[in-house]
Each structure stands twice: as C-alpha cells, then as structure tokens.
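Notes follow once the structure below has been shown.
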Amino acid sequence: MTLREVETPPPRQEEGRPPEVVTARHPLRWLGAAVVLVLLAMVVSALVTNPAWEWDVVRQYLFAPSVVRSVLLTLELTVLAIGLGFALGTVLALMRLSPNRLLSAVAWGYVWLFRSVPLILQLLFWYNLALLYPRLSVGVPFGPEFFDFGTMDLIGPLTAAVLGLALHQAAYAAEIVRGGLLSVDHGQREAAAALGLPPARRLFRIILPQAMRTIVPNAGNEIIGLVKGTSVVYIMALPELFYQVQVIYNRNGRVMALLLVAAVWYLVLTTALSIAQHYVERHYGRGRA
Amino acid sequence: MNGPMVELRGVHKSFGALHVLRGVDLEVRKGEVLVLLGPSGSGKSTLLRTINHLEKVDRGSVRVDGRLLGYRQAGDRLHELPEREVLRQRTQIGFVFQAFNLFPHLTVRQNLTEAPLSAQRRPRAEVEPLAERLLTRVGLADKADAYPRTLSGGQQQRVAIARALALEPKLLLFDEPTSALDPELVGEVLDVIKDLARGGTTMIVVTHEIGFAREVADTVAFMDAGRVVEHGPPAQVLDDPLHERTRAFIGKVL
C-alpha cells in the first residue's frame, strides 16, 4: 500500500516543492546498540581498573630484547613455512590436475597423509628423524650414494620446525591452489590455447592471476592461522614468541602480563597481515568492477 | 599457392558414445568466406574447433594452407605433433569465441599484445602500434586502457576480433560470434566481420544470421547430424536447397 503511495506522482506538484522523504526509525536497533555499548564499557573498565593485569609489566616486557628476538623467530618460521608450503602446494595442485594418473594419485596421497596426521606429531617426527635414519645420503635408489650426512647435523630444531610446518602447510595450500585453478572459467584456458600461448605463460600470465582472486582470501586465513600455529613448535624448545613468554613467566611469575605481551604481538602481526591481504586482493581484483 | 586454405577429409570425432562428426569433407579457397549453418547439435562448432586443433580428430585429416594440422604423417599413420608445434600452427589461425573469452585481468591493449609478444616473440615496438591500428579498425581506439568488463558485449567481441587479428593469421574462425549479444549490438560486430571479408581475409563463420550469410558469404555449407549435406553459393543453398533438411531449417530460421 505504502509502495503505491510513493510511486504515484504528487497530485498538485505545481503548488509547491516536491514532498521531502523521511527515513523510517529503528528503535530496536538503537536499543541493541545501547546494550552493546554498555557491555563494551564493562570490558574496558575490567581491563583498566583491575591492577592484576599489571599493564606496567606488559609495557616493560613488550619491547624486551628477548621478546623482540622471539617475535622475529616467529616471523621467520611463518615466512619460511608459508613460502615453502605454497611453493610445494602449487606443484602438488598442478600434479593433482595432471592427466597423468600417477602424478595425480601421488598428489592426492600426499594431501591425504599430511592433512590426516596432527601437526604436533609431524613436528616431533621430523625432530626425531635421527632415530629412524641416523645418516642421510643422496644417490640413486638402491644404487650408489653421492653425499652422506649425519641426520642430527642436517636437521636441527629450526630445520625440523620449518620442515614440519611447511610440509603440513603444503597439503592445505595444494587444495587452496587447486580450488583457485578450478575456479577460472574454462573459456580462459581455451582462449589462451587458441592464441598459441606457451604452457608456462598460460599458467602464470592468464590462469594463476585469475585464480588468485579465490586463492588470496583462503591463503590469508592460512597465513594468519600459521602465525599463531607456529606456537606449537615450543615443544621443540625453539625460542619463538610463545615459548619465550613462558620462559619469562616461569622465572618471574607474572603469568597474565606476559601472556598479554604475547597476545599483543600476535594481534600486531595478524593485523599487519590483514591489511596486506586487503591490498593484495585489490591488486588481483583489477578489471572486475 | 593455388591450393585451398582449408581442406578437411573424412573427419570423424566422438565424445564418448556421441558421434558428433561423421565423415566431413570440406574445402575453403584462399580469400573465401564460408558460412557454416545448421541446427544446434549438428557439429558446426566442433568442426570449427578441429580446424585449430582445440578438438583432436579421431579419424581423417585437417589441412590448413597445405600443412597437416596437429599431426605429422608417416606412411598411413598420423603422429600427434609436440605441443610447441601445435601452438605455432595455432598462431596462424585466429579464433573468435561466442563468449568472447577476453582476459578480464588485462587491459584491452594487453589482451591484443599478449599473443604476438609471448607466442610469436615479436618486438614490442612492432606490436604496440599494430594493436593501436587494429583497435582503430574495430572503432575502439579510445578503449585501449580499459578493462574488458567495462565494455558492452558488442565492444568486447570487437576487441576479441582485434585480438585474433593481432596474430596476423592466414585464416579466421568465428564460432557464433553474435549469439551472446543483445540484438541491438549484433550489427556492430557483423559490420566488423563484413569489413574483414571485403579485405580478402579467408574465414569460416558459424552463425544463425541468414541475412549475413546472404550478404557476405562466398559459399554456404549446411551441416546436419555430423555431415555437410549441402555446400554451394548462398543463392543456391539458401534459396533453392537440394535437401529437405536444409529447406526445413531455413524455413524455420527466416
């Protein structure tokens, strides 16, 4: 009824200005907003007024050299694991999509295995690889060997952590990249083929940039997950952020304050990544209104 | 030199149990415009796609300018060429799709220059001016830096035609180039194709536009159930068809 009234032209327009529009009021929305505002005020008050949070201790340790070093190690682990993980994941995704049955099956098997075993178990496995293979060598399978290493010398805690995180990440990255490649319209492949573009060019210039629109949001999830996920390597006594704050609070007993230090740093890192993701998405969204 | 531009002999193609092409013979002379008509499902598009090896034939041969396409003959066997060779052959054949298939993340100019630069390895100094000339030719010189999504369907298809021309191909293939367009945009695309036809480009056009066939085609071929059932000058095929199937189809379309 009201719709019709709006659509019919005002009856005697020549007599004055056209009628003004008054937007509807939403009292329930206002009420909801007021409730949320009160709750927020309660949270802030609880954080600020309770001295047990020890904000001065937080300030004191936030930029302590050992904490900053541990943040850098967390970053290093994240960057290496994501870089290697997505590189291997892209190869796995391409293998999975290959018409060759063996390549496709091996990629499927990899994803199945590395997604199925808990990360913490994989990390311990790499860490203790020397128990299985005290020496590693490079050579022809069942044939002569060219290089030979002691496993303990080659795979220290840092290498084991990067290896474990990257191989685990690769399984997830493979599925994300595969999903992205499949999301690109088949006509794009055909047009690129019809124009005679070489295979590598088709992939890197035509298909992948379009697949990135689907890949980036999921990859963003994974990267942010991994920043926090690196904290599991504390079991290998690597002084990344989470391990380091534990070391400090075991010494001085300021548990909550130091957990807060870690939380602040994780927030800073993930916020920076979220902002970066926004710009990366905008880059790959060009040409789409 | 005087041989046909396109020569198909006994071409068969199946998709699983579906026998789409059932022994097609067809010849297109140099400079000739062939319009391929036929009901949907008759195999027109598949036939067109075999001519640049987007579809591999199961039996028979496709020659373009005297060269076997996609294969090398040894005795009575055809060996598939390595992909690099197939790609090189494709750069001599322009293909225009029904759905345009422009690259949405590249500008109009980049769409045009991509294949000449990376597939033909021609210098940028030569390719950029060529792209400008081609865009002028299809009436879109001011859209070089636009992204395809910002263009109308008719403009996108004209860009797609310019992109195919940028390879300077011997042969142009059009797969229902106006079927995805709003009716008022069909004319601008057909005008570009007519202009190319007058310029002496050899082309094969799959279309339902009978008026266009009458005006532009040197020959018209009518396909039904995977075979070319009629092939001749437009006046004969369109106005005085020999076959009942052709007569029925043209009666329906007109």
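Quick mapping for you: the protein sequence lines, in order, are chains E and F.
Just so we're aligned, residue 22 is where the first sequence starts under the working numbering, counting upward by one.
Just so we're aligned, residue 266 is where the second sequence starts under the working numbering, counting upward by one.
Ideal placement from N, C-alpha and C gives every residue a C-beta, glycine not left out.
Remember, it's a predicted structure, so these values are computed and weren't measured experimentally.
F/GLN338 - partner residues in DSSP beta bridges
Locating residue 338 of chain F in the second sequence gives position 73, where the first residue counts as 1. F/GLN338 pairs with F/LEU343.
So what does DSSP say about F/HIS318, is it helix, strand or coil?
Locating residue 318 of chain F in the second sequence gives position 53, counting from the first residue. Coil.
With three or more C-beta pairs closer than 8 Å as the rule, is the segment 498–518 of chain F touching the segment 474–485 of chain F?
In the pairwise beta carbon analysis, the segment 474–485 of chain F is classified as touching the segment 498–518 of chain F: at least three pairs are separated by under 8 Å.
Do you know how far the Cα of E/ALA278 is from the Cα of E/PRO76?
Numbered from its first residue, the first sequence carries residue 76 of chain E at position 55. Numbered from its first residue, the first sequence carries residue 278 of chain E at position 257. For the record, residue 76 of chain E in the displayed sequence is Trp; it is not Pro. Going from the Cα of E/TRP76 to the Cα of E/ALA278 covers about 7 Å.
Rounded to the nearest angstrom, what separates E/TRP147 and E/PRO139 at their Cα positions?
Along the first sequence, one-based indexing puts residue 147 of chain E at 126. Along the first sequence, one-based indexing puts residue 139 of chain E at 118. The straight-line gap from Cα to Cα measures roughly 13 Å.
Shortest alpha-carbon distance to F/ALA282 belongs to which of F/LEU273, F/GLU272, F/ASP323?
Along the second sequence, one-based indexing puts residue 282 of chain F at 17. With distances taken between Cα atoms, F/ALA282 lies closest to F/ASP323.
With 8 Å as the C-beta to C-beta threshold (strictly closer), list the residues of the segment 366–381 of chain F near chain E in chain order.
Listed in sequence order: ASN366, LEU367, PHE368, PRO369, HIS370, LEU371, THR372, GLU379, ALA380.
Between the segment 183–199 of chain E and the segment 99–113 of chain E, do three or more beta carbon pairs fall short of 8 Å?
Three or more Cβ pairs closer than 8 Å define a contact, and the segment 183–199 of chain E meets that threshold against the segment 99–113 of chain E.
When E/LEU145, E/TYR287, E/ARG156 are compared against E/MET257, the one with the closest alpha-carbon:
Mapped onto the first sequence, residue 257 of chain E falls at position 236. With distances taken between Cα atoms, E/MET257 lies closest to E/LEU145.
In chain F, which residues lie with their C-beta within 9 Å of the C-beta of E/GLN231?
Reading the first sequence from its first residue, position 210 is the one you call residue 231 of chain E. Simply PHE368, PRO369, HIS370.
Let me make sure I understand the geometry here. Which of F/GLU350, F/GLU320, F/LEU333 has the alpha-carbon closest to that of F/GLU272?
Your numbering for residue 272 of chain F matches position 7 in the second sequence. Comparing Cα-Cα distances from F/GLU272 to each of F/GLU350, F/GLU320, F/LEU333, the minimum goes to F/LEU333.
Contact check, F/GLU297 vs F/THR467 under 8 Å by CB: the rounded distance?
Residue numbering aside, residue 297 of chain F sits at position 32 when the second sequence is read from its first letter. Residue numbering aside, residue 467 of chain F sits at position 202 when the second sequence is read from its first letter. Rounded, the Cβ-Cβ distance is 6 Å, consistent with contact.
Between E/ARG21 and chain F, is there a C-beta pair that is closer than 8 Å?
Nothing can be reported for residue 21 of chain E: it is not among the residues displayed for chain E, which extend from 22 to 310.
Please list the partners that E/LEU218 has in chain F, where partner means a Cβ-to-Cβ separation under 8 Å.
For the purposes of this step, residue 218 of chain E is taken as the residue at position 197 of the first sequence. In chain order: LEU352, GLU379, ALA380, SER383, ALA384.
Other residues of its chain near F/HIS318: CB distance less than 6 Å, five sequence neighbours each side excluded:
For this step, residue 318 of chain F is matched to residue 53 along the second sequence. If we look at F/HIS318 and ignore the five residues flanking it on each side, its Cβ neighbours are LEU334, GLY335, VAL351.
At 4 residues or longer, what runs of the alpha helix (DSSP H) sit wholly inside the segment 452–505 of chain F?
475–481
Runs of beta strand (DSSP E) lying entirely within the segment 71–112 of chain E, each at least 3 residues, in chain order
Note on the segment 71–112 of chain E: there is no whole beta strand (DSSP E) run with a minimum of 3 residues.
Taking the C-alpha atoms as reference points, what is the distance between E/LEU2 and F/GLN375?
The first residue shown for chain E is 22 and the last is 310, placing residue 2 of chain E beyond what the model contains.
What is the rounded straight-line gap between the Cα of E/ILE197 and the Cα of E/ILE236?
Counting from 1 along the first sequence, the entry for residue 197 of chain E is found at position 176. Counting from 1 along the first sequence, the entry for residue 236 of chain E is found at position 215. Between E/ILE197 and E/ILE236, the C-alpha separation is close to 6 Å.
Give me the subset of the segment 326–348 of chain F whose CB atoms are less than 8 Å from a CB atom of chain E, sorted by chain position.
GLU348
So if I threshold CB-CB distances at 8 Å, which residues from the segment 225–253 of chain E count as touching chain F?
Here the close residues are ARG226, ILE227, PRO230, GLN231.
What is the residue span of the beta strand (DSSP E) that E/SER295 lies within?
Working through the first sequence from its first residue, we reach residue 295 of chain E at position 274. It is not in any beta strand (DSSP E) - E/SER295 instead sits in the alpha helix (DSSP H) that spans 276–305.
Reduced DSSP secondary structure (H/G/I, E/B, other) of F/LYS295:
By one-based count along the second sequence, residue 295 of chain F stands at place 30. Coil.
Interface partners of F/LEU319 on chain E, CB under 9 Å:
Sequence index remark: in the second sequence, residue 319 of chain F carries index 54 (1-based). Near F/LEU319 (Cβ distances below 9 Å), the residues of chain E are GLU211, ALA214, ALA215.
Roughly how many angstroms separate the alpha carbons of E/PRO260 and E/LEU157, rounded to a whole number?
By one-based count along the first sequence, residue 260 of chain E stands at place 239. By one-based count along the first sequence, residue 157 of chain E stands at place 136. About 27 Å.
Cβ atoms of E/LEU262 and E/THR95: under 8 Å apart, would you say?
The residue labelled residue 95 of chain E in the question sits at position 74 within the first sequence. The residue labelled residue 262 of chain E in the question sits at position 241 within the first sequence. At a Cβ-Cβ threshold of 8 Å, E/THR95 and E/LEU262 count as neighbours.
On the criterion of 16 or more Cβ atoms from any shown chain inside 10 Å, does F/HIS370 qualify as buried, or is it exposed?
Locating residue 370 of chain F in the second sequence gives position 105, counting from the first residue. That one is buried.
What residues of chain F sit near E/ARG303, judged by a beta carbon separation below 8 Å?
As a working note, residue 303 of chain E is residue 282 in the first sequence. Those do not exist, as E/ARG303 stays about 12 Å from chain F at its closest Cβ, beyond 8 Å.
Measure from the alpha carbon of F/VAL361 to the alpha carbon of each residue in F/SER444, F/ARG492, F/SER307, then state which is nearest.
What you label residue 361 of chain F is simply residue 96 of the second sequence in a count that begins at 1. Minimum Cα distance to F/VAL361 is reached at F/SER444.
Consult DSSP for E/GLU41 and reduce its assignment to one of helix, strand or coil.
Residue numbering aside, residue 41 of chain E sits at position 20 when the first sequence is read from its first letter. Three-state result, E/GLU41: coil.
In this structure, does DSSP put F/ARG332 in helix, strand or coil?
On the second sequence, residue 332 of chain F is found 67 positions in, with the first residue counted as 1. Of the three classes helix, strand and coil, the one that applies to F/ARG332 here is strand, per DSSP.
For the alpha helix (DSSP H) holding F/LEU240, just list the boundary residues, first then last.
Any property of residue 240 of chain F remains undetermined from this structure, which presents chain F solely from 266 to 519.
Keeping to the same chain, check which residues put their C-beta closer than 7 Å to that of F/LEU286; ignore five residues upstream and five downstream.
Taking the second sequence and counting its residues from 1, the one referred to as residue 286 of chain F is at position 21. Excluding positions up to five away in sequence, the list reads VAL276, HIS277, LYS278, GLY308, THR311, LEU312, GLY491.
DSSP state of F/LYS435, grouped into three classes?
Position 170 of the second sequence, counted from the start, is the residue given in the question as residue 435 of chain F. Coil, per DSSP.
Report yes if the CB atom of F/ALA396 is closer than 8 Å to the CB atom of F/ALA431, and no otherwise.
What you label residue 396 of chain F is simply residue 131 of the second sequence in a count that begins at 1. What you label residue 431 of chain F is simply residue 166 of the second sequence in a count that begins at 1. Inclusion of F/ALA396 and F/ALA431 in the CB contact set at 8 Å is warranted, their separation being smaller than that value.
What is the C-beta distance between F/VAL373 and F/VAL457, in whole angstroms, given that I count them as a contact (C-beta under 8 Å)?
The count along the second sequence starts at 1 and reaches residue 373 of chain F at position 108. The count along the second sequence starts at 1 and reaches residue 457 of chain F at position 192. For a cut-off of 8 Å, the C-beta gap from F/VAL373 to F/VAL457 is around 15 Å, too long to register as a contact.
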